[in-house]
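Asks: Chains as they are written, first to last, in this note's numbering: chain A, 1 to 446; chain B, 1001 to 1466.
All residues carry an ideal CB built from backbone N, CA and C; glycine is no exception.
This is the structure in structure tokens:
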């Protein structure tokens, strides 16, 4: 974690508890139980109520939370947690209940693992994960809770999916809510997988849920789409021998989709005819849509300078597509302060910070035509696309930049903002000419 | 002792016997909580609720030239992202090491940074981690204040001392009374303090329309304010509160320590409360004739709406803050509707006699005292099947599964005369368009177990053992 000794302005990364909670809230049939003070389960909800991260399978204010108060901080909150576990299991229908520890429970030493074990020994599907907020950011929380689920997977008393397909893949690295387009991203990856005759364990989404967690060890391949899934794939490889294909970001554009399909086909030994037919079909669709931009691409859209603020994965995805297909110059990538190593070699400058003040200065220096970033970077004087957490002014449901369909959406959005900027600049210039022209006439008539 | 003279703001439970857990009927509630002293209840199953840090952040988000530092781990400042702070909020972003060795140096750095960025005052919010660790954050704030020459105030928002988030408002108001409000030489000036926390701009506008009609100048705080507004509050002629249960600490403190009388009138919601509000203000500024004229002009238009009874035959379950509940209930009844049940975020000594004092409500309707706790409301909705469910922002939509039309109070204006029309129009439209909403389905029926929905809804509410 990036060291800081001067505070972080408008800190956007959330804590480990919030990341774990967001992930579990998006899995059908999983009930998170927060063991923390009032507010622990609510803060992220207050931030997100306005924007992209809406309600998942279990909504913000529905989240069971022990809401511990002073007495339990002083004397320990173990018995309050025991009571809460017992009553949650009775009140809320779920296939799996996951107790999430907080800063308070960790600091006062409440035995959350013991309490969960006690319930599990009595037959209730309960496990616990220590995701105290100070253990990391929200993405760390996603990793931690999934690691704990992987460890517990063999004992999870969850019914497996009725029809176990011949080939199933686990998808990791797309972090619910932190990656604001996670729903659309996963949906597109599922579409690609299904076209190859594979079932994708997305865990999150309409046709997914707790049973995919139980089915996870039986998958034949892990597909990892950011560094946040690497540790999970390693764990599954060590425990169950599942091989993994690891990518720095979800694929965007025909070229990356084709490469992904070829990799999967090779790893699973799929019928080449099926995968190649799909690749051809995707190419036709991709070319068809982008053809609509061809003329404007060369006259207006090509070679713009772009700066991107977001996670490493999403920055790489957006920057990669725009530089490969539109010749964009990526003047700066500013990621969330997690890694000193550049996530993309095509970026002229690479910075790590999650401080809104510093990001603003860096963007000013980058002097890009178009900026992709969160609502905190929004600036009316530049061409701006809200693309990373927090997105406070737009609703994001099915939007994605992933796959062929998502890449077309990205192209569409990019071209629109470029055109709007060009139009604005032309109107301003025309207005200035008109103003001077009238002034000139007035001077003549004096 | 005057509120301002106490070292810290007491938690609501101690200061005003706040109750945030109860489940019964109007009759049982009057018996159980109507006496001189009341016993606290707790729930043995609970869902997420905001804490005093969230309330304090909300209260401070409107003070435009002050910065806020949340002294805790990254998650504790998350809520601020949605509260419109702009660039004025910082986190000390404590990590595991800091939870062991303390985070004072990070706090000092953050204070210096906020001052360098141009803050004219800095509020430092405490969090559970620094409270449990016993970091001496108030000394760090005190030390920085003398070095930087601007006010740096540490607020004790521990996050676990109180069971009601409303304590967070009191903590902020205590600091305003103690450090920011000026007596202004003692002479009252001709303006009213309008105490507002998070009322919608349209609601505040509706109230300002009243003040303008009466020719009364105003000073809104802490919402829409700056340090000058805060400072001036001590020399106002009177204070009125737009949501008294949220700002009563400030109002009482201004009265006790600065001699600014507090007009103890309900929030101007619904015809009779709005009328009282206008009359009280008119009388405080000796413009009662203008007040009567204004009411007469506005009342006629509102009566026309009431005559059409757009909510006729509709049973409504209402979930609101204590200061808004009575006015909204009366408005629903005036619009032809019926009250099928109440849920209120908290009640205390100041408001317990008046909150549910609404004419024309069956004494056997269910009453829930809770912030959130949607499981309990889901249970009640399943049993009483109301036509409408009016609730706070973010807590309304789930009622669609029970067949009720959800109405989110977070998005409708309902203050003053303008609010009566807006509320009526909004609810009528919502009823008209409710079918698709109900058909979205959500998953509430599957979320709550059948056995819970059959159980008595007060199952998890117990008397607190000391």
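Distance check for residue 181 of chain A and residue 1120 of chain B, CA to CA, integer angstroms please.
Replies: Approximately 38 Å between the Cα atoms of the pair.
Asks: Quick one: residues in its chain with C-beta nearer than 7 Å to the C-beta of residue 300 of chain A, no 5 flanking neighbours on either side, listed in chain order?
Replies: Within the same chain, residue 300 of chain A has close Cβ partners 418, 419 and 422.
Asks: Report the rounded CA-to-CA distance for residue 1454 of chain B versus residue 1316 of chain B, giving the unit in angstroms.
Replies: The straight-line gap from Cα to Cα measures roughly 21 Å.
Asks: Should residue 3 of chain A be labelled buried (16 or more other beta-carbon atoms within 10 Å of its own) or exposed?
Replies: Legend: pLDDT at residue 3 of chain A = 49, less than 50; position of this residue unreliable, value from coordinates given subsequently. With fewer than 16 other Cβ atoms within 10 Å, it is exposed.
Asks: Alpha helix (DSSP H) containing residue 357 of chain A: first to last residue?
Replies: Unbroken alpha helix (DSSP H) run through residue 357 of chain A: 356-366.
Asks: Determine whether the Cβ of residue 1475 of chain B lies closer than 7 Å to any Cβ atom of chain A.
Replies: Residue 1475 of chain B cannot be examined here, being either before or after the span of chain B that is shown, 1001 to 1466.
Asks: Can you pull the chain B neighbours of residue 15 of chain A, defined as C-beta to C-beta under 8 Å?
Replies: Ordered by position in chain B, the residues that pass the 8 Å Cβ test against residue 15 of chain A are 1073, 1074, 1075, 1076 and 1078.
Asks: Between the Cα of residue 62 of chain A and those of B:1395, B:1423, B:1450 and B:1416, spot the shortest distance and give me the residue it belongs to.
Replies: The residue with the shortest Cα to Cα distance from residue 62 of chain A is B:1395.
Asks: Which residues of chain B have a Cβ atom closer than 7 Å to the Cβ of residue 65 of chain A, listed in chain order?
Replies: Those within 7 Å of residue 65 of chain A in chain B are 1046, 1047 and 1048.
Asks: Does the beta-carbon of residue 52 of chain A have 16 or more other beta-carbons within 10 angstroms, so that it is buried, or is it exposed?
Replies: For residue 52 of chain A, the predicted model reports a pLDDT of 39, less than 50, meaning its position is unreliable; a value from the coordinates is still stated below. Classification of residue 52 of chain A: buried, given that the 10 Å Cβ count is 16 or more.
Asks: On the DSSP bridge list, what partners appear for residue 1047 of chain B?
Replies: Partner(s): A:64.
Asks: Between which two residues does the alpha helix (DSSP H) holding residue 1308 of chain B run?
Replies: Where residue 1308 of chain B is concerned, the enclosing alpha helix (DSSP H) stretches over 1288-1308.
Asks: For residue 305 of chain A, which residues in the same chain have their Cβ closer than 6 Å to its Cβ, ignoring the five residues on either side in sequence?
Replies: Excluding residues within five positions, the ones whose Cβ falls inside 6 Å are 329, 331, 368 and 369.
Asks: Would you say residue 1367 of chain B and residue 1326 of chain B are within 7 Å of each other, going by their C-beta atoms?
Replies: It is not a contact, given that the beta carbons lie outside the stated cut-off.
Asks: Along the beta strand (DSSP E) that carries residue 1341 of chain B, what are the first and last residues, could you check?
Replies: Start and end: 1338-1344.
Asks: I need the boundaries of the alpha helix (DSSP H) containing residue 1100 of chain B, first residue and last residue.
Replies: Here the alpha helix (DSSP H) through residue 1100 of chain B covers 1096-1101.
Asks: According to the neighbour-count rule (16 or more other Cβ atoms, all chains shown, within 10 Å of its Cβ), is residue 1271 of chain B buried or exposed?
Replies: With 16 or more Cβ atoms within 10 Å of its Cβ, residue 1271 of chain B is classed as buried.
Asks: Just curious, the alpha helix (DSSP H) that residue 31 of chain A is in, first and last residue?
Replies: Per DSSP, residue 31 of chain A belongs to no alpha helix (DSSP H); it is in the beta strand (DSSP E), 30-35.
Asks: Return yes when the Cβ of residue 320 of chain A is within less than 7 Å of the Cβ of residue 226 of chain A, no when it is not.
Replies: Taking 7 Å as the Cβ cut-off, residue 226 of chain A and residue 320 of chain A do not qualify as a contacting pair.
Asks: In terms of DSSP beta bridges, what is residue 352 of chain A paired with?
Replies: Bridge partners of residue 352 of chain A: A:335.
Asks: For residue 88 of chain A, which residues of its own chain have a beta-carbon under 7 Å away from its beta-carbon, when the five flanking residues on both sides are left out?
Replies: Excluding sequence neighbours, residue 88 of chain A sits near 31, 33, 64 and 97.
Asks: Count the other C-beta atoms from every protein chain shown that fall within 10 angstroms of the C-beta of residue 433 of chain A, then say buried if there are 16 or more, exposed otherwise.
Replies: Result: exposed.
Asks: Assuming residue 1050 of chain B contacts residue 1371 of chain B under a Cβ cut-off of 8 Å, what Cβ separation, rounded to an integer in Å, is found between them?
Replies: Confirmed, about 7 Å.
Asks: If residue 1082 of chain B sits next to residue 22 of chain A, beta carbons under 8 Å apart, how far is it from one beta carbon to the other, in whole angstroms?
Replies: Between residue 22 of chain A and residue 1082 of chain B the Cβ distance is about 15 Å, and since that is not below 8 Å, they are no contact.
Asks: Between the region 260-275 of chain A and the region 284-296 of chain A, do three or more beta carbon pairs fall short of 8 Å?
Replies: Result no; under three Cβ-Cβ pairs closer than 8 Å.
Asks: Sort out for me which residues DSSP pairs residue 1073 of chain B with in a bridge.
Replies: In DSSP, residue 1073 of chain B forms no bridge with anything.
Asks: In the DSSP assignment, what are the bridge partners of residue 1448 of chain B?
Replies: Its beta-bridge partners are A:92.
Asks: Could you tell me which residues DSSP puts in a beta bridge with residue 1139 of chain B?
Replies: Per DSSP, none; premise fails for residue 1139 of chain B.
Asks: Against residue 176 of chain A, what residues of chain B qualify as contacts under a CB-to-CB distance less than 8 Å, listed in chain order?
Replies: None at all; the shortest Cβ gap to chain B is about 15 Å.
Asks: Can residue 18 of chain A and residue 138 of chain A be called in contact, C-beta distance under 7 Å?
Replies: Contact: yes.
Asks: Helix, strand or coil: which one does DSSP assign to residue 148 of chain A?
Replies: Helix, per DSSP.
Asks: Measuring only between beta-carbons, confirm whether residue 139 of chain A sits less than 7 Å from chain B.
Replies: Not an interface residue.
Asks: Have a look at the DSSP bridge pairing and note the partners of residue 1462 of chain B.
Replies: The partner list for residue 1462 of chain B (beta bridge, DSSP) reads B:1042.
Asks: Can you tell me which of the three DSSP states residue 384 of chain A falls into?
Replies: In this structure, residue 384 of chain A counts as strand in the three-state DSSP scheme.
Asks: Classify residue 357 of chain A: buried if its beta carbon has 16 or more other beta carbons within 10 angstroms, exposed otherwise.
Replies: The residue in question, residue 357 of chain A, is buried, as its Cβ has 16 or more Cβ neighbours within 10 Å.
Asks: According to DSSP, what are the bridge partners of residue 225 of chain A?
Replies: Its beta-bridge partners do not exist; DSSP assigns none.
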